[in-house]
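Accompanying notes for the structure given below.
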Ligand code: SF4
Ligand code: FES
């Protein structure tokens, strides 16, 4: 009986690469210095494949797949950066801008924001879709942090870090589609939450200026994400499995 | 004189910060003046937009009936229309009124918080539109220059590229918000 190999060899942008069957296309890309843009993915948190920025092509597969949520397979030919993919990625970023109220110029995260960074990197010079300018709220009830729903892109990084790393599960998502938004506890003001430990992990993993520290002037909110790597390493957890 | 490239700069609903960036080109403005003529700007005493303009740099979002009329006219009489800055490109701060609606902000500005003469003006100053829009949602735009405001260097780059007959590539030079 042939032994089934758990190491898969395949190609990525024409380059020969290999990875363990428990690894994703994204992980192998990073090991090989191939850059695939991501937004909802964060090392140390579970995978949800929600933002679709990391979509890649696999030759012969009839649909695009999220690199962060697709495990490597023997013989696959992955294409990470075709014109089609670049176009879709820019569309996603533009839709995120059109859907919220991301007024970068007056955001505390201006200059330190993953959404803004990707917009520039992926070549967005303007948003082709009509801006929706939705009526969203700002929750200032917490003593140390602010939740600005105008700037939330629903990546759920905060939800996952709060549940999986802090163990509090203060955050969750309510509503569907366009009406989806974050809530604390059973949709009460953040400041009244009895589960929130005020650890600030949600604030630090949030890629935009949606969850920020109180009292920061525009452009001065810098997030610190190093803790996530240390914590997951020390605890020996891998939420990806 | 007539071979010079005609340039207009226009100020719609913006804070004039983009125009400050134009001034920030400093002595490069003198250099530019050899090749271009500023035929219409908020500082040139001319009421009507010229019949033909080669390059128009338009600051600000489309926020009032006056803005709307102006931008249509500008488009009609301009070869290269540049959306200058985040308000022009994306709406930016002026669009922050959209979620509340124009009536609500007029009410707050002119009635609730006014200490004297509480009334919403209905003459002389242009009526506000129900929603603020970026320029490209009204008329086609040729070049998008993001930034709040775009730097003098970027503006200089765009004008000199156009003078050299090239379409400026801006992506690595601008981003929203800065
Ligand atoms: S608040 Fe921040 S981390 Fe949470 S879903 Fe919104 S953008 Fe993502
Ligand atoms: S990073 Fe893969 S779907 Fe968001």
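Chains as they are written, first to last, in our numbering: chain A, 685 to 925; chain B, 5 to 182.
All C-beta atoms in this analysis are idealised placements derived from N, C-alpha and C, irrespective of residue type, glycine included.
Quantities reported herein were computed from a predicted structural model and do not represent experimental measurements.
- Runs of the alpha helix (DSSP H) spanning 4 or more residues and lying entirely within the region 689 to 774 of chain A occur at 709 to 715, in chain order.
- A residue is called buried when at least 16 other Cβ atoms come within 10 angstroms of its Cβ; residue 173 (chain B) does not meet this threshold and is exposed.
- With its beta carbon at least 8 Å from every one in chain A, residue 122 (chain B) lies outside the interface.
- Inside the region 73 to 135 of chain B, DSSP marks whole beta strand (DSSP E) runs of 3 or more residues at positions 82 to 88, from first to last along the chain.
- About 14 Å separates the beta carbons of residue 78 (chain B) and residue 65 (chain B), which is beyond the 8 Å limit, so they are not a contact pair.
- Per DSSP, residue 149 (chain B) is not a residue of any alpha helix (DSSP H); the beta strand (DSSP E) it occupies stretches across 147 to 149.
- Within the same chain, and ignoring the five residues on either side of residue 150 (chain B) in sequence, the residues whose Cβ sits closer than 7 Å to its Cβ are 90, 93, 178, 179 and 180.
- Closest by C-alpha distance to residue 697 (chain A), out of A:742, A:688, A:738 and A:708, is A:742.
- Here the alpha carbons of residue 63 (chain B) and residue 162 (chain B) stand approximately 15 Å from one another.
- Residue side-chain check: residue 736 (chain A) keeps its Cβ at 7 Å or more from all non-hydrogen atoms of ligand 1.
- Annotated three-state conformation of residue 37 (chain B) is coil, per DSSP.
- In this structure, the C-beta of residue 841 (chain A) approaches ligand 1 to less than 7 Å from one of its heavy atoms.
- Taking a C-beta cut-off of 7 Å against chain B, none of the residues of the region 736 to 749 of chain A qualify.
- In the DSSP assignment, residue 162 (chain B) falls within the alpha helix (DSSP H) that extends over 156 to 167.
- The Cβ-Cβ distance between residue 809 (chain A) and residue 873 (chain A) does not fall below 8 Å.
- Taken in chain order, the unbroken stretches of beta strand (DSSP E) that lie wholly in the region 859 to 884 of chain A and span 3 residues or more are 865 to 868.
- In the DSSP annotation of this structure, the continuous segment of the alpha helix (DSSP H) that includes residue 803 (chain A) starts and ends at 798 to 805.
- Taking 7 Å as the cut-off, one finds at least one heavy atom of ligand 1 near enough to the beta carbon of residue 837 (chain A).
- Boundaries of the alpha helix (DSSP H) around residue 915 (chain A): 910 to 919.
- Taken atom to atom, the span from the alpha-carbon of residue 703 (chain A) to that of residue 863 (chain A) is near 40 Å.
- Nearest in C-alpha terms to residue 152 (chain B), of all of A:788, A:776 and A:910, is A:788.
- A distance criterion of 7 Å places the beta-carbon of residue 152 (chain B) beyond contact range of ligand 2, judged by its closest non-hydrogen atom.
- In the three-state reduction of the DSSP assignment, residue 12 (chain B) falls in the strand class, which pools E and B.
- In the three-state DSSP reduction, residue 67 (chain B) falls in the strand class (E or B).
- Each of B:23, B:106 and B:74 was checked against the Cα of residue 160 (chain B), and the nearest Cα belongs to B:23.
- A distance of 8 Å or more separates the beta carbons of residue 731 (chain A) and residue 713 (chain A).
- By the Cβ rule, the region 838 to 847 of chain A counts as touching the region 719 to 728 of chain A, because three or more pairs are nearer than 8 Å.
- If the five residues before and after residue 15 (chain B) are omitted, its C-beta is found closer than 7 Å to the C-beta atoms of 23, 46, 63 and 64, all from its own chain and listed in chain order.
- Proximity of the region 134 to 146 of chain B to the region 97 to 112 of chain B meets the contact definition, three or more beta-carbon pairs being nearer than 8 Å.
- With a cutoff of 7 Å, residue 890 (chain A) does not count as near ligand 2, since its C-beta is closer than that to no heavy atom of the ligand.
- Here residue 689 (chain A) is exposed. Its C-beta has fewer than 16 other C-beta atoms within 10 Å.
- Taking 8 Å as the cut-off between beta carbons, the residues of the region 94 to 118 of chain B near chain A are 94, 95, 96, 97, 99, 100, 102, 103 and 104, in sequence order.
- At least 8 Å separates the beta-carbon of residue 97 (chain B) from that of residue 792 (chain A).
- Contact annotation: in the region 155 to 175 of chain B, residues whose CB is within less than 9 Å of a CB in chain A are 174 and 175.
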